[in-house]
Amino acid sequence: MIKFYNSLKKKLEKFSPIEEKRVKIYSCGPTVYDYAHIGNFRSYIFSDLLRRFLKYKGYKISHVMNITDVDDKTIHKAQREGKSLQQFTKEYTEAFFHDLRTLNIEEVEFYPRATEHIDDMVRLIKKLERKELTYISEGSVYFNISRFRKYGNLSGVDLGGMKKGSRVDHDEYKKDDIKDFVLWKAKKQGEPFWNTVYGEGRPGWHIECSAMSMKYLGPTLDIHTGGVDLIFPHHENEIAQSEGATGKPFVRYWLHCAHLIVEGEKMSKSKNNFFTLRDLLKKGYTPRAIRYLLLSVHYRKQLNFTEKSAKAATAAVLKIQNFYDTVKELRPDNKKNHGVQNKLRPFLINFDRELENDLNISPALASLFDFIHMTNRFIIEQKITEKDKGFILKTLKRIDNILGILQEKESVPEEVLALVNEREEARKSKDFKKADRIRDEVIKKGFVIEDTKEGARVKKIE
RNA sequence: GGCGGUGUACCCAAAUGGCUAAGGGAGCGGUCUGCAAAACCGCGAUUUGCCGGUUCGAUUCCGGCCGCCGCCUCCA
Numbered sequence: 341m342i343k344f345y346n347s348l349k350k351k352l353e354k355f356s357p358i359e360e361k362r363v364k365i366y367s368c369g370p371t372v373y374d375y376a377h378i379g380n381f382r383s384y385i386f387s388d389l390l391r392r393f394l395k396y397k398g399y400k401i402s403h404v405m406n407i408t409d410v411d412d413k414t415i416h417k418a419q420r421e422g423k424s425l426q427q428f429t430k431e432y433t434e435a436f437f438h439d440l441r442t443l444n445i446e447e448v449e450f451y452p453r454a455t456e457h458i459d460d461m462v463r464l465i466k467k468l469e470r471k472e473l474t475y476i477s478e479g480s481v482y483f484n485i486s487r488f489r490k491y492g493n494l495s496g497v498d499l500g501g502m503k504k505g506s507r508v509d510h511d512e513y514k515k516d517d518i519k520d521f522v523l524w525k526a527k528k529q530g531e532p533f534w535n536t537v538y539g540e541g542r543p544g545w546h547i548e549c550s551a552m553s554m555k556y557l558g559p560t561l562d563i564h565t566g567g568v569d570l571i572f573p574h575h576e577n578e579i580a581q582s583e584g585a586t587g588k589p590f591v592r593y594w595l596h597c598a599h600l601i602v603e604g605e606k607m608s609k610s611k612n613n614f615f616t617l618r619d620l621l622k623k624g625y626t627p628r629a630i631r632y633l634l635l636s637v638h639y640r641k642q643l644n645f646t647e648k649s650a651k652a653a654t655a656a657v658l659k660i661q662n663f664y665d666t667v668k669e670l671r672p673d674n675k676k677n678h679g680v681q682n683k684l685r686p687f688l689i690n691f692d693r694e695l696e697n698d699l700n701i702s703p704a705l706a707s708l709f710d711f712i713h714m715t716n717r718f719i720i721e722q723k724i725t726e727k728d729k730g731f732i733l734k735t736l737k738r739i740d741n742i743l744g745i746l747q748e749k750e751s752v753p754e755e756v757l758a759l760v761n762e763r764e765e766a767r768k769s770k771d772f773k774k775a776d777r778i779r780d781e782v783i784k785k786g787f788v789i790e791d792t793k794e795g796a797r798v799k800k801i802e
């Protein structure tokens, strides 16, 4: 039984999608005004884990992640750089997809861009207008929160408790009530605009998620993900817009991912602890180690990204990879059945059961390490049969369909292989000085040699 | 101020009203190895922030205190 913690109900709930075999997921995606930072990627890796796990459980997935390519930040930064909004956002959108591939984050089914769905948003606003949930002020359209009773259910914000005007930018647009939010912004000088029934202007931020999620997934989604910071006001507003328009429940399970901090502190540009993926790769971390680290802490727990934890993640990934390589290269000559599979099977079952419990990754990983550990012993004791090997590899691949950290070995260049052979000759003739010299040379070329009973094994150093 | 989270060994991190408080990393000792690497074996919390309560029994439930963190700013 799959259970998720539903932020809406603030408790663990049994998961069952609307359609028996299909899960509809919407994840709040990036605003493409800069490179995404590791905090962003934590959130995307979380939704990746979610979809991979559900796929593994046999569901078909319809997953939408929006690309916000028009908002204050994109507009202003594009202006500063003297680029068109389109040109500007295209660059960062491409960078975003590039980073997703680097982190081995699966492509989702739909990546709708806000600027390509202006009509859908306007239609949705129109619908809200017909239900008298909006008003127009100085050419902009606002959502009237006082007309939507359920407002605040998700975030638990007490509307009466919000101080009027205190932290709200109230001189830019004129709202009846500071809690109201803008659906459509009237054109401002020098900003991009679309000509619509509401005149020239551009969409507010929240409306795109409502419009695009409902366009691709229908009025009710199974799962909506995002960072905790989005609960208020963004997700609250999405609910208001969507349910206001359709009268149907918008989202059945809200899953929110906790934030990431760096060396115990909130990431911020001023503290110099603000990292993009590129920054981390430059520091020498491998993509898979970063992926593992972001994956290995439960999504509702704040993740402290530190030098130490990155090193630990690197070691853990290497351990799993070494194991995979070892099993793959195994040439078992044992024919006797030692019940290996029966002894290993419980670990896989456990892995699965732990993830069913709100994606509880830590004990799931513990289970994987127990599996590795026990198998390594079987290997030493030579209890593995050819069939067992197949089972172990199959199990590992199934697990890695969820984790996404294993790599197939890169082929070793001829010149390195030649050196390795030369070293083997030297070792045979006990010329260890020469052997060590060649090993150093191979390391310089970026490969490491491990001597095994079956001969030297060469691996690329990451 | 309002709302929420969290405090488990050197670091990261599970779990449970009572059986030895998982797992990873780092460390130490050993096996294997020409050396190394990988792998294997062994070692670490008399104890789960502090104080009190409930209970035969609490790290787990309740109350208080302290610490840390987040949201309340178009920040995932």
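Numbering-wise, the numbering used here puts 765 at position 425 of the first sequence, and it's gapless, one number per residue. Built from N, CA and C at the ideal position, the CB exists for glycine as well.
- C368 sits in coil when the DSSP states are folded into three classes, being neither helix nor strand.
- For the pair K349 and C597, the Cα-to-Cα distance works out to about 16 Å.
- Annotation: the continuous alpha helix (DSSP H) that includes I660 extends over 647–668.
- Taken in chain order, the complete alpha helix (DSSP H) segments of 4 residues or longer contained in the region 716–758 are 726–743.
- Pairing R542 with L561 gives a Cβ-Cβ distance that is not under 9 Å.
- Classified as exposed, V537 has fewer than 16 neighbouring CB atoms from the shown chains inside 10 Å of its CB.
- Unbroken alpha helix (DSSP H) runs of no fewer than 4 residues, entirely contained in the region 407–489, are found at 412–420, 425–442, 458–470, following chain order.
- H377 is a Cβ neighbour of F614, given a cutoff of 9 Å.
- Apart from the 5 residues on each side of it in sequence, P573 sits with its Cβ closer than 7 Å to the Cβ of F521 in its chain, given in chain order.
- In this structure, DSSP gives M554 a helical state, which the three-state scheme calls helix.
- Boundaries of the beta strand (DSSP E) around S402: 400–405.
- Secondary-structure assignment with DSSP links H596 through a beta bridge to G566.
- When Cβ pairs closer than 8 Å are counted between the two stretches, the region 636–648 is seen not to touch the region 680–695, the count staying below three.
- Its Cα nearest to that of S582, the residue F488 stands out among F488, K774, E449, E802.
- The C-alpha of V363 is placed about 7 Å away from the C-alpha of Y399.
- At a Cβ-Cβ threshold of 9 Å, K527 and G479 count as neighbours.
- In this structure, DSSP gives Y345 an extended state, which the three-state scheme calls strand.
- With contacts defined as CB atoms closer than 9 Å, L757 and E781 fail to qualify as a contacting pair.
- For W545, no pairing in a beta bridge is given by DSSP.
- The secondary-structure analysis by DSSP pairs F787 across a beta bridge with K800.
- Between K525 and G539 the beta-carbon gap is near 11 Å, outside 8 Å, which marks them as no contact.
- Counting only residues of its own chain and dropping the five nearest sequence neighbours on each side, Y432 has a CB closer than 6 Å to the CB of V372.
- The Cβ-Cβ distance between I732 and L695 does not fall below 9 Å.
- With respect to F386, D439 sits apart: the two C-beta atoms are not nearer than 9 Å.
- Distance from H457 to K555 at the Cβ level is roughly 7 Å; contact confirmed, criterion being Cβ atoms closer than 8 Å.
- Taking F393 as the centre and dropping the five residues before and after it, the same chain places the C-beta of L695, I742 closer than 6 Å to its C-beta, in chain order.
- Beta bridge pairing from DSSP links T616 with H377.
- DSSP, read as helix, strand or coil, puts F590 in coil.
- Residue state for N674 is assigned as coil, using DSSP reduced to three classes.
- Taking the Cα of I801 as reference, the smallest distance to any Cα among K793, P703, K749 is reached at K749.
- In its chain, beyond the 5 residues on either side, I401 have a beta carbon closer than 7 Å to the beta carbon of K395.
- For H638 against N700, the beta-carbon gap comes to about 6 Å, under 8 Å, which counts as contact.
- For K467, the closest C-alpha among the options F483, T455, P452, A454 is that of F483.
- In this structure, the alpha-carbon of H416 lies about 9 Å from that of E531.
- Among the bridge pairs identified by DSSP, V522 is matched with Y482.
- Comparing C-alpha distances from T408 to each of L425, L443, L617, A766 shows the shortest one belongs to L425.
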